[in-house]
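Undergrad: Per this note's numbering, the sequence shown starts with residue 685, numbered consecutively.
The beta-carbon is built from N, C-alpha and C at its ideal position, and this holds for glycine as well.
Note that the structure is predicted; figures quoted are calculated from it, not measured.
Take this structure, written in structure tokens, and hold onto it; I'll ask about it next.
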Amino acid sequence: MEKTLVLVKPDGVQRGLIGEVIARLERRGLRLAAAKFIAVSLELAETHYAIHKGKPFYDGLISYITSSPVMAMAWEGPNAVAAVRQTMGATRPTEAAPGTLRHDFALEIGRNLTHASDTVENGEKEVALWFKPEELVDWPREIDRWVFEK
Ligand code: IDP
Ligand code: MG
685 MEKTLVLVKP DGVQRGLIGE VIARLERRGL RLAAAKFIAV SLELAETHYA IHKGKPFYDG
745 LISYITSSPV MAMAWEGPNA VAAVRQTMGA TRPTEAAPGT LRHDFALEIG RNLTHASDTV
805 ENGEKEVALW FKPEELVDWP REIDRWVFEK
């Protein structure tokens with residue numbers, strides 16, 4: 685099953701929006717596969733955001749993500765990566781579509797509430813970076829056949 689990494693970033697945690705993010709993903713029909721509430725180490729932050737190293741916002745991004753705990757989750761389902769990106773909305777909240785999390789709860793690109801993997805390949809890599817294999821729960825959900833066609 686396709687998996688994607690979701691982080692409720694420090695602003696979402698501080699603002700009490702963990703439940704809102706989870707509720708929207710649950711309602712969409714995605715299935716939770718793993719979750720943990722953690723303080724992000726500098727090492728993990730730098731590995732996770734390695735692709736952005738050298739960009740003007742990199743230092744601010746690293747201090748943002750390590751400033752307060754995050755809620756890290758793996759969600760799964762058919763087209764999970766695309767579905768979650770769509771539910772999050774565009775990176776810049778003022779460009780995010782109404783009804784998306786970033787539109788509904790954020791204003792600034794540097795405080796945009798969530799992270800979600802951007803490709804299927806990165807979904808696999810990021811889930812493996814944030815979770816040990818034994819932390820992933822493979823479970824049959826009673827309603828799966830009413831949400832997943834196959
Ligand atoms: P994404 O989170 O939508 O995948 P990316 O381009 O991968 O967006 O950027 C990672 C994160 O870096 C963004 O979510 C945002 O928090 C931060 N970021 C990206 N561009 C800027 C910027 O121009 N200023 C401040 N922060 C930025
Ligand atoms: Mg990204």
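1. Determine the burial state of ILE749: buried for a count of at least 16 other Cβ atoms within 10 Å of its Cβ, exposed for fewer.
2. Does the Cβ of THR775 lie closer than 6 Å to at least one heavy atom of ligand 1?
3. Which value, in whole angstroms, describes the spacing of the CA atoms of GLY773 and GLY738?
4. For a test of your reading of the model: does the CB of ASP695 fall under 6 Å from any non-hydrogen atom of ligand 2? Yes or no.
5. Skipping 5 residues on each side, what residues in its chain have a beta carbon closer than 6 Å to that of SER801?
6. If you draw a straight line from the alpha carbon of ARG786 to that of ALA756, how long is it in whole angstroms?
7. Taking the beta carbon of TRP759 as the centre, do at least 16 other beta carbons fall within 10 Å, making it buried, or is it exposed?
8. May I ask whether a heavy atom of ligand 1 can be found less than 6 Å away from the beta carbon of ASN796?
9. Does the distance from the CB of PRO694 to the CB of SER747 come in under 7 Å?
10. CB ARG776 to CB ILE793, shorter than 7 Å?
11. Using a 10 Å radius around the Cβ and a threshold of 16 neighbouring Cβ atoms, would you call ALA780 buried or exposed?
12. Output yes or no for whether 7 Å exceeds the beta carbon distance between LEU791 and GLY696.
13. By the 10 Å Cβ neighbour count, where 16 or more other Cβ atoms means buried, how is HIS856 classified, buried or exposed?
14. Among all the DSSP beta bridges, which residues are the ones paired with VAL692?
TA: Straight from the coordinates:
1. Around the beta carbon of ILE749, 16 or more other beta carbons sit within 10 angstroms, so the residue counts as buried.
2. Between ligand 1 and THR775, a heavy atom-to-CB distance of less than 6 Å is present.
3. Each residue's Cα considered, the two are about 25 Å apart.
4. ASP695 Cβ: outside cutoff for every heavy atom of ligand 2.
5. Answer for SER801: THR688, LEU689, VAL765, GLY807 and GLU810, listed in chain order.
6. Cα to Cα, ARG786 sits roughly 17 Å from ALA756.
7. Looking at its Cβ environment, which holds 16 or more other Cβ atoms inside 10 Å, TRP759 is buried.
8. At least one heavy atom of ligand 1 is found less than 6 Å from the C-beta of ASN796.
9. Against a cut-off of 7 Å, the Cβ pair of SER747 and PRO694 comes out as no contact.
10. Their beta carbons are under 7 Å apart, which means ARG776 touches ILE793 by this criterion.
11. ALA780 should be labelled buried.
12. The beta carbons of LEU791 and GLY696 sit no closer together than 7 Å.
13. This structure gives no information on residue 856, because the portion of the chain shown stretches from 685 to 834.
14. In the DSSP assignment, the residues bridged to VAL692 are MET755 and THR798.
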